[in-house]
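Chemist: What follows is a structure written as structure tokens; I'll ask about it next.
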Amino acid sequence: MTQPIIALHHVTKRYGDATILKNIDLTLESGKFYTLLGPSGCGKTTILRTIAGFTDATAGDVLFAGKRINDVPANKRNVNTVFQDYALFPHLTVAENVAFGLTLKKTPKKEITTRVANALKLVQLADYGDREISALSGGQQQRIAIARAIVMQPKVLLLDEPLSALDAKLRREMQYELRDLQQRLGITFLFVTHDQEEALAMSDEIFVMNQGEVLQSGTPVDIYDEPINHFVADFIGESNILPGKMLDDFQVAFGGRQFECADAGIPANEAVEIVIRPEDLTLTDPANAKLVVTIDTQLFRGDYYEIAATDDLGNDWLIHSVNPAEDGQSVGITFRPQDLHVMRFGEKEAEFDARLETYEGEEDESSDET
Amino acid sequence: MRAVTKRRTWLYFIPYGLWLALFVIAPVALIIYQSFFDLGHHFTLGNYSTYFQSATYLKMTLNSVWYAFLITLFTGLISYPTAYFLHQLKHRQFWLLLVILPTWINILLKAYAFIGIFSQAGLANQFLTFIGIGPQQILFTNASFIFVATYIQIPFMILPIYNSIDDLNPAFVNASRDLGASNWQTFRRVIFPLTLPGVKAGVQAVFIPSLSLFMLTRLIGGNKVITLGTAIEEHFLTTMNWGMGSTIGVILIVAMIIVMTLTGDKKPKGGAPR
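Those sequence lines, one after another, are chains A and B.
Numbering (the working numbering) for the first sequence: 1 to 370.
Numbering (the working numbering) for the second sequence: 371 to 644.
Written out as structure tokens, the structure is:
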């Protein structure tokens with residue numbers, strides 16, 4: 001493994017009595033796209049500010065390429081930030097904004113001109129150099145803010161909810177562009193967002209945070225398919241979360257019945273929670289069904305129907321189906337064993353990973369059958 | 371219905387309209403009108419030709435501008451760092467109140483207080499005697515005039531500067547630091563340019579009144595500095611040459627317009643993004 005470009009070791013941040021960050025450990029490798037994902041107030045922006053140098057860690061170490069940088073001031077750190085409100089200087093033109101950092105370094109004029117032109121070209125605003133900042137649209141300001149940061153050729157680019165002020169269509173466009181830009185430049189991106197769709201679409205690795213703690217980290221697919229607890233399952237995507245009981249390895253009971261599942265390593269009879277994603281549920285006739293539910297209501301979402309239903313024990317179910325159902329109708333639902341994901345109460349990420357290791361191989365064999 | 375609402379809105383304009391007509395438009399019109407009459411109430415352009423041909427009046431004008439400039443300069447040099455420092459404090463509203471407090475006291479009272487402090491047996495001279503320098507002539511010097519005028523004007527400079535610093539989005543400072551600027555570079559290239567409107571407003575609030583200061587020139591400056599304000603007072607109250615006094619008044623109004631234009635915003639920009 002190469003040396004991590006950024007590492008946080010046991011970083012804690014307190015303001016008075018309030019603890020904003022609780023013992024954060026986090027490692028970023030060079031050249032990847034990372035996302036800090038969590039609800040507002042979870043501490044994700046504080047992590048960004050700690051790395052940028054705008055705020056101090058109360059305890060713990062911030063490492064940059066292996067060196068401790070806690071005491072290095074923000075202007076001496078080889079990281080740059082794209083701010084949530086862009087923070088473009090209103091008294092300077094677009095080109096002057098982009099050139100700001102380079103002129104401070106006493107870069108030769110000729111080099112500044114070419115680098116600024118290249119940066120503007122990279123964000124597709126090559127002809128905008130002479131414009132006033134106030135003459136730009138939100139999306140254009142966003143691009144200039146990115147150009148101003150990448151022209152400095154930082155090792156790490158920190159992005160603080162940079163897309164939150166854009167409308168939905170522009171946001172999707174920028175997601176592609178940011179991802180593309182990151183891959184072309186090979187700079188490590190640390191992206192902060194509360195938008196789970198954004199995080200899933202762009203990241204190599206996601207850190208899911210809540211209340212000052214990193215709950216789970218992993219690839220988007222890992223986090224989506226195997227959320228560690230109720231919060232993560234609920235925050236990332238939509239899900240059906242049901243109370244259940246582990247009977248044996250690969251056997252779980254919920255809704256008054258026993259099902260085959262893909263999880264193991266949990267003591268028998270332990271109370272657990274079961275997650276099933278709405279898109280993994282398939283409507284079928286009651287005879288072939290694993291469960292029978294009654295349709296309450298449905299919404300047409302364009303590419304699918306979102307169906308709300310109730311089973312005979314009173315559990316609510318959310319089903320995504322390509323075909324519509326009829327309100328009040330009794331229908332069967334079915335799912336595959338690997339669509340069930342079992343979560344233990346209070347399990348930490350390390351324990352979860354260790355447990356997964358013990359049966360990962362077996363799981364692959366069993367899921368191959370279906 | 372529409373007509374009624376319209377008439378009501380119009381009614382709100384009456385107090386302001388009356389104020390504007392009685393206390394702004396009428397006096398200015400009267401001053402301009404008076405400036406075209408000589409002592410015998412005959413229409414003349416003589417007052418203006420006297421003004422532009424008299425070395426005394428031109429010197430007086432230069433004097434006024436020079437001292438107003440000095441007062442504004444010293445006020446600015448003291449006020450910007452003060453406003454910047456006040457803004458960092460925890461109980462800044464309280465400290466700001468202490469800055470504003472002296473403006474509630476009448477300017478004449480403050481002038482008389484300084485006469486006491488600067489006089490031969492005053493506090494300042496007692497201190498100078500104590501440290502062995504011996505009593506000096508402080509009152510009725512140009513330095514004491516500038517000192518007291520600066521003291522009186524400082525709050526009017528601090529307030530607009532403080533407000534512009536308060537309005538400054540802290541993200542701009544972070545962005546500047548993030549791009550590698552030191553504290554001084556951040557101040558010179560980001561903070562100062564972005565708070566310049568406050569400085570300009572302060573200059574307007576200090577320079578223009580300083581042009582026509584007259585009580586202080588007599589009470590503290592001992593009439594050594596004759597400003598345009600003093601000249602107007604003399605013409606209206608002593609020589610009774612209202613025409614000449616009005617002419618100088620017109621000159622002052624023109625000077626104000628020039629200062630306003632110079633310190634105004636060059637080009638109106640759209641709202642700054644924040």
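Even glycine gets a Cβ: it sits at the ideal position worked out from N, Cα and C.
When burial is assigned at 16 or more other CB atoms within 10 Å of the CB, is R644(B) buried or exposed?
Modeler: Residue confidence for R644(B) is low, a pLDDT of 36 falling below 50, so the modelled location carries little weight; the figure read from the coordinates is stated next. Its Cβ having fewer than 16 others within 10 Å, R644(B) is exposed.
Chemist: Should T45(A) go down as buried or exposed, given a rule of 16 or more other Cβ atoms within 10 Å for buried?
Modeler: The residue in question, T45(A), is buried, as its Cβ has 16 or more Cβ neighbours within 10 Å.
Chemist: What separation, rounded to the nearest whole angstrom, lies between the Cα atoms of I590(B) and S514(B)?
Modeler: Roughly 7 Å separates the two Cα atoms.
Chemist: Name, please, each residue of chain A whose Cβ falls closer than 8 Å to the Cβ of F542(B).
Modeler: Those within 8 Å of F542(B) in chain A are A87, F89.
Chemist: The alpha helix (DSSP H) spanning P397(B) covers which residue range?
Modeler: Per DSSP, P397(B) belongs to the alpha helix (DSSP H) from 396 to 404.
Chemist: Does the beta-carbon of A551(B), which I'm using as the reference point, lie nearer than 8 Å to any heavy atom of the ligand ATP?
Modeler: This structure does not include the ligand ATP; it has no bound ligands of any sort.
Chemist: Drop a sphere of 10 angstroms on the beta-carbon of T219(A), count the other beta-carbons inside from all chains shown, and report buried for 16 or more, exposed for fewer.
Modeler: It is exposed - the Cβ of T219(A) has fewer than 16 other Cβ atoms within 10 Å.
Chemist: What does the alpha-carbon distance come out to for the pair D248(A) and T193(A)?
Modeler: Distance between the alpha carbons of D248(A) and T193(A): 39 Å.
Chemist: Give the DSSP-derived three-state secondary structure of V151(A) in the structure shown.
Modeler: Three-state result, V151(A): coil.
Chemist: Does the CB of L283(A) have a neighbour CB from chain B at under 9 Å?
Modeler: No, L283(A) does not count as interfacial toward chain B.
Chemist: Alpha carbon to alpha carbon, how far is S580(B) from L471(B)?
Modeler: Answer to the nearest angstrom: the Cα atoms are 20 Å apart.
Chemist: Taking the C-alpha atoms as reference points, what is the distance between A491(B) and I522(B)?
Modeler: The alpha-carbon atoms of A491(B) and I522(B) are separated by roughly 23 Å.
Chemist: Look at the Cβ atom of G265(A), then the Cβ atom of Y359(A), and state whether they are nearer than 9 Å.
Modeler: Yes, the pair counts as a contact, with Cβ atoms nearer than the cut-off.
Chemist: Among F54(A), I307(A), P227(A), V322(A), whose alpha-carbon lies nearest the alpha-carbon of V342(A)?
Modeler: Nearest C-alpha to V342(A): P227(A).
Chemist: For the region 112 to 124 of chain A against the region 150 to 163 of chain A, are there 3 or more C-beta pairs whose distance is under 8 Å?
Modeler: At 8 Å Cβ cutoff, the stretches touch.
Chemist: What residues in the region 569 to 596 of chain B bring their beta carbon closer than 7 Å to a beta carbon of chain A?
Modeler: Those residues of the region 569 to 596 of chain B that come within reach of chain A (Cβ to Cβ, closer than 7 Å) do not exist; the list is empty.
Chemist: Should M407(A) be flagged as near chain B, meaning a C-beta pair shorter than 9 Å?
Modeler: A query on residue 407(A) cannot be resolved here, the shown segment of chain A reaching from 1 to 370 and no further.
Chemist: Could you give the DSSP three-state label for R336(A): helix, strand or coil?
Modeler: Coil, per DSSP.
Chemist: By how many angstroms is the C-alpha of T499(B) removed from the C-alpha of Q507(B)?
Modeler: Taking the straight line from one Cα to the other gives about 12 Å.
Chemist: Have a look at R171(A) and E161(A) and give me their C-alpha separation to the nearest angstrom.
Modeler: The straight-line gap from Cα to Cα measures roughly 11 Å.
Chemist: How is D327(A) classed by DSSP in three states: helix, strand or coil?
Modeler: Note: D327(A) maps to coil in three-state DSSP.
Chemist: Counting only the same chain and skipping the five closest in sequence on each side, list residues whose C-beta sits under 6 Å from that of G186(A).
Modeler: G31, listed in sequence order.
Chemist: Specify the secondary structure class of Q298(A) as computed by DSSP and reduced to three states.
Modeler: In this structure, Q298(A) counts as strand in the three-state DSSP scheme.
Chemist: Quick one, which residues of the region 57 to 74 of chain A are near chain B if we go by CB-CB under 7 Å, in chain order?
Modeler: So the list reads A74, given in the order they occur along the chain.
Chemist: Use the C-beta contact count for A7(A): other C-beta atoms within 10 angstroms, 16 or more gives buried, fewer gives exposed.
Modeler: Counting Cβ neighbours within 10 Å, A7(A) comes out buried, since at least 16 surround it.
Chemist: Any chance the region 211 to 218 of chain A sits against the region 329 to 341 of chain A, with 3 or more Cβ pairs inside 8 Å?
Modeler: Judged by Cβ distances under 8 Å, the region 211 to 218 of chain A makes no contact with the region 329 to 341 of chain A, as fewer than three pairs qualify.
Chemist: Grab the span of the alpha helix (DSSP H) containing Y427(B) for me, first residue to last.
Modeler: 425 to 458 is the extent of the alpha helix (DSSP H) around Y427(B).
Chemist: Do you know offhand how far V624(B)'s Cα is from A438(B)'s?
Modeler: Distance between the alpha carbons of V624(B) and A438(B) is about 15 Å.
Chemist: DSSP has T499(B) in a bridge; who is on the other side?
Modeler: T499(B) pairs with nothing; no bridge assigned.
Chemist: With H, G and I counted as helix, E and B as strand and the rest as coil, what does DSSP make of N75(A)?
Modeler: Three-state DSSP puts N75(A) in a helix.
Chemist: At a Cβ threshold of 9 Å, is L104(A) touching chain B?
Modeler: With 9 Å as the cut-off, L104(A) counts as an interface residue toward chain B.
Chemist: Is it a yes or a no for the region 4 to 21 of chain A touching the region 43 to 60 of chain A, going by three-plus beta-carbon pairs under 8 Å?
Modeler: Touching, per the Cβ criterion.
Chemist: Figure out for me which residue from L440(B), K480(B), L466(B) has the closest Cα to the Cα of M585(B).
Modeler: M585(B) has its Cα closest to that of K480(B), out of L440(B), K480(B), L466(B).
Chemist: With a threshold of 16 other CB atoms inside 10 Å of the CB of Q141(A), please say whether the residue is buried or exposed.
Modeler: With 16 or more Cβ atoms within 10 Å of its Cβ, Q141(A) is classed as buried.
Chemist: Should T50(A) be flagged as near chain B, meaning a C-beta pair shorter than 9 Å?
Modeler: So no, T50(A) is outside the interface.
Chemist: Under the rule that 16 or more other beta-carbon atoms within 10 Å means buried, what is T431(B), buried or exposed?
Modeler: Buried: at least 16 other Cβ atoms inside 10 Å.
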